[in-house]
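FYI, the numbering for the sequence shown is 1 to 365, going by UniProt numbering. A virtual CB, placed ideally from N, CA and C, is assigned to each residue, including glycine. Shown next, in structure tokens, is the structure this report addresses.
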Amino acid sequence: MAEAQTKAFVEFQRVQKSYDGEVLVVKDLNLAIPRGEFLTMLGPSGSGKTTCLMMLAGFETATHGEILLDGKPINNIPPHKRGIGMVFQNYALFPHMTVGENLSFPLEVRKFGKSEREAKAKRALDMVEMGDFITRRPAQLSGGQQQRIALARALVFEPELVLMDEPLGALDKQLREKMQFEITDLAHKLGITVVYVTHDQTEALTMSDRVAVFNDGVIQQIAPPDELYESPENSFVAQFIGENNTLEGVVKEIKNGVALVELDSGDLIDCKPVNVTKPGERTRVSIRPERVEYNKDRLQKGVHTLQAEVLEFIYMGDIFRTRLRVAGNDEFIIKTRNAPDQVRLKPGTQIEIGWMPEDCRALDA
Ligand SMILES: Nc1ncnc2c1ncn2[C@@H]1O[C@H](COP(=O)(O)OP(=O)(O)O)[C@@H](O)[C@H]1O
Ligand SMILES: [Mg+2]
């Protein structure tokens, strides 16, 4: 048991994929997913997420490398023998079949008998709270209901692994958020391993145990949501996940774990050196809007501060969002909580801002 838990359930080993024999759309990808994990592949359109899912499902073959399922190479196992459930954004239900028949289909393919099919279909439908809809046809259901049936159909044969490719993309915001919760809840309850694909960062952060951020066929960083947000390892991840302020400059010195950076405006700031190593290197420093301080009492003694001009104040209810001009950047955003004693900054005012050096990350330029 202990061994089964530590061993990867799904593993990509140096996987490459080219459709045309020239361009690699997946480059030397390594990924190990433990049993029971909810892993999300997040990245811009065209970054290779669907291709990875299709190779795992067996609808595409890897050009190089190996994909293992439960320790065994799956290259030669046909898709329907891999025991994988799938849900896609536009994976329509069979329109001429009722809900019950749609659910029965994957069980027929797997040679289950009639009574077993009925029992399993009923259980899967109850799971997504659609038990009353067994005799309806897809056209008689809303988009959200159809997506629940698609989910039930993916789970009905009790797969250990479920792949989902933007399954909520077609739903409106409210339903999407409800389904996000239902899918993670169900996945954890059933203990299934999920590989989920989305380009929506909020969805990725709220649903996943870990998120693999894709860009251009390469995993840029793979980490739990909080780590990804708070400790991005490069500029791409910092920009792609959450809102972020960037300032450009050159490293002047690195001492005692703090990098002194001279911005292109001539200002000096203190940062945490993340992927800069020596003076003279160009860097893009990254700071989250909620980590910027303008209350001097809350700043560490001796840290460098910057002059800023307030350009715009936006009241958002729970927070205040203020746009500043900082070191020549007119899009510098700060967010403050709407506390009773919180200052509402007025456009035109000059203020001084700063931060804890560890909240400001010196990344690749
Ligand atoms: N069947 C295909 N034939 C040729 N090129 C493809 C095919 N599917 C995807 N691609 C290309 O591979 C790259 C990755 O696509 P895809 O895996 O669909 O990305 P994502 O799901 O992240 O949007 C893109 O450049 C896309 O145009
Ligand atoms: Mg895709």
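Environment of ligand 1 in chain order, Cβ to heavy atom below 6 Å: Y19, V25, G43, S45, G46, S47, G48, K49, T50, T51
contact_flag[the stretch 217-234, the stretch 59-69] where n(CB pairs < 8 Å) is 3 or more: no
Ligand 2 heavy atom lying under 7 Å from the CB of V156: no
The stretch 159-169 touching the stretch 80-90, judged by at least three CB pairs closer than 8 Å: yes
Where K7 falls: helix, strand or coil (DSSP): coil
L107 in three-state terms, based on DSSP: helix
Proximity winner among E22, R35, G21, relative to V10 (alpha-carbon distances): R35
Cβ neighbour criterion (16 or more within 10 Å) applied to S142: exposed
Exposed unless 16 or more other CB atoms sit within 10 angstroms - verdict on S208: buried
Own chain, CB closer than 8 Å to Q201, minus 5 neighbours either side, in chain order: L42, F240, I241, G242
Rounded C-alpha distance that separates I74 from I67: 6 Å
Segment contact, 8 Å Cβ cut-off, at least three pairs: the stretch 292-303 with the stretch 223-233: no
Of the residues M130, D132, V274, T336, the one placed nearest V237, counting alpha carbons only: V274
Same chain only: Cβ atoms within 7 Å of A2, ignoring 5 sequence neighbours per side: Here the model assigns A2 a pLDDT of 46, short of 50, so the residue's position is not dependable, and the following value carries that caveat. Around A2: no qualifying Cβ.
Counted within 10 angstroms of its Cβ, other Cβ atoms place G249 as buried (16 or more) or exposed: buried
CB contact flag (A57, I33, <8 Å): no
Backbone CA spacing between V22 and T51 [nearest angstrom]: Per the sequence presented here, residue 22 reads as Glu, with Val not at that position. Straight-line Cα distance between these residues: approximately 16 Å.
Meets three-Cβ-pair contact criterion under 8 Å: the stretch 103-118 and the stretch 181-197: no
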